[in-house]
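Novice:
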Amino acid sequence: MSPRLGDRQSGSRRRFAVFHTARTPNTSPAPTATPAPTTSPAPTATPAPTTLLAPTATPTPTTSPASTVTTAPPTSPAPTATPAPITSPAPTRLSRLWHALVL
Numbered sequence: 001m002s003p004r005l006g007d008r009q010s011g012s013r014r015r016f017a018v019f020h021t022a023r024t025p026n027t028s029p030a031p032t033a034t035p036a037p038t039t040s041p042a043p044t045a046t047p048a049p050t051t052l053l054a055p056t057a058t059p060t061p062t063t064s065p066a067s068t069v070t071t072a073p074p075t076s077p078a079p080t081a082t083p084a085p086i087t088s089p090a091p092t093r094l095s096r097l098w099h100a101l102v103l
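By full-length UniProt numbering, the letter at position 82 of the sequence shown is numbered 82, and the numbering carries on one by one without gaps.
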C-alpha cells in the first residue's frame with residue numbers, strides 16, 4: 001500500500017469527524033405555552049315538570065237515521081234442467097277387488 005492511499009483515508013476520516021463535531025450544540029426547544037385549564041360548562045336549569053291535562057269528555061258518536069232501501073220483489077228462479085241419473089258402470093274385476101280389500 002502506498003502512503004498516499006493511507007493519507008487519503010485518514011484525511012477523509014478527519015474531515016468526517018470535524019464535520020460531525022462542528023455542528024451547533026443541541027438546544028432545548030422553546031417552552032410551549034401550557035393550555036388554559038378547561039372549565040366545566042355552567043349548570044343548565046332543570047325543566048319544570050310537565051302537568052297532565054285534564055281528561056276531556058269523549059264525544060258521543062252521532063248516528064245517522066236509518067235509511068230505507070227499496071228491494072225488488074222476489075222473482076221465481078228459472079227452471080233448471082233435471083240432470084240425468086248417474087248410472088254406475090258395471091263393476092270391473094279391479095273395483096270388486098278394491099271393495100273386497102276395503103271391506
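The beta-carbon is built from N, C-alpha and C at its ideal position, and this holds for glycine as well.
#1: When DSSP labels each residue in this structure, what does residue 84 get in the three-state scheme?
#2: With a CB to CB cut of under 7 Å and the five nearest residues on each side skipped, what residues in its chain are close to residue 39?
#3: Along the chain, where does the alpha helix (DSSP H) containing residue 94 start, and where does it finish?
Specialist: In terms of the structure at hand:
#1: coil
#2: none
#3: 93–102
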